[in-house]
Amino acid sequence: MKRFKGATIKDTTLMSIDLELTSLDASKAEITSFGWVCGRNSNIALESSAYSVVKTKATLGQSPVIHGLTQDNISKGAMIEDVLHKFIKQLPDRVLVIHNATLDLAVLDAVFKRLNLPAQEVFYIDTLQLALYQLKKEHEVVPRNSATLGACLQRAGLPEAPQHNALEDAMAALLLCYAQLAALGLTPQSCLADLSHTLALGRKTLGERKD
């Protein structure tokens, strides 16, 4: 987190993202929709929001049931390259907020490599990891399904995003992040580095090639 070392929460623009996927296996998953929204100092900038349905030839599996996306929706979607080019333009000086960063970033990394896109270093806060940190302080064994986005929103007294729409989930994750920071006793003047002990702060280079 070198670039953001010493940065305060109030001076950091957060960019919450969510991907809807055809699979929970990052090596096989295809992106069917991508949503994001930015915010700063406990506010959400609605004008920054973006949502795209993405074309894919992959089998949709349970996507029509869970996300409401049908093959007809997908066939009229945007090319993933176009969506990711827009995403890349949003990255400078922003910290991502992701619920289950491990999965979404692994999928993005695989897509970046497949499309041979320029490597992008991203910094992020994982609201799933923040939830687990809080739950582990209260339970010896974390209750099953207690760290899902829906369960976390319910515990925080926030409205659910029942449609599993990528933009709605991104907005929900950003609201959850604000609530989690407050629950940890962090103020707008606190530094991002004050989250380090939760293991929810991370850095990853998307599309990085080891060869």
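Counting in this note's numbering, the sequence shown runs from 38 upward without gaps. Beta carbons: idealized from backbone N, C-alpha and C, even for Gly.
Residue i burial status per 10 Å Cβ neighbour count (16 or more: buried)
{"i": "residue 43", "result": "exposed"}
{"i": "residue 56", "result": "buried"}
{"i": "residue 67", "result": "buried"}
{"i": "residue 141", "result": "buried"}
{"i": "residue 69", "result": "buried"}
{"i": "residue 244", "result": "buried"}
Start-to-end residues for the alpha helix (DSSP H) that takes in residue i
{"i": "residue 241", "result": "Residue 241 -> not in any alpha helix (DSSP H); beta strand (DSSP E) instead, spanning 238-243."}
{"i": "residue 208", "result": "203-220"}
{"i": "residue 151", "result": "138-152"}
{"i": "residue 188", "result": "186-192"}
Three-state secondary structure assigned by DSSP to residue i
{"i": "residue 44", "result": "coil"}
{"i": "residue 115", "result": "strand"}
{"i": "residue 83", "result": "strand"}
{"i": "residue 102", "result": "Only weak support exists for where residue 102 lies, its pLDDT of 41 falling under 50; the value from the coordinates is given anyway. DSSP places residue 102 in helix when its eight states are reduced to three."}
{"i": "residue 157", "result": "strand"}
{"i": "residue 89", "result": "strand"}
Continuous beta strand (DSSP E) stretch holding residue i: start and end
{"i": "residue 134", "result": "131-135"}
{"i": "residue 76", "result": "68-77"}
{"i": "residue 50", "result": "50-58"}
{"i": "residue 175", "result": "From DSSP, residue 175 is part of no beta strand (DSSP E) but of the alpha helix (DSSP H) over 164-175."}
Check: residue i C-beta below 8 Å from any heavy atom of the ligand HEM
{"i": "residue 177", "result": "Questions concerning the ligand HEM fall outside what the structure shown contains, since it holds no ligand whatsoever."}
So, does the segment 145-155 touch the segment 77-97, judging by three or more C-beta pairs under 8 Å? no
Touch check for the segment 195-210 and the segment 77-90: three-plus C-beta pairs under 8 Å? yes
Closer than 8 Å is the cut-off here; do at least three beta carbon pairs connect the segment 233-248 with the segment 187-196? no
Does the pairing of the segment 150-157 with the segment 174-182 give three or more beta-carbon distances under 8 Å? Flag = no, the segment 150-157 and the segment 174-182 do not touch.
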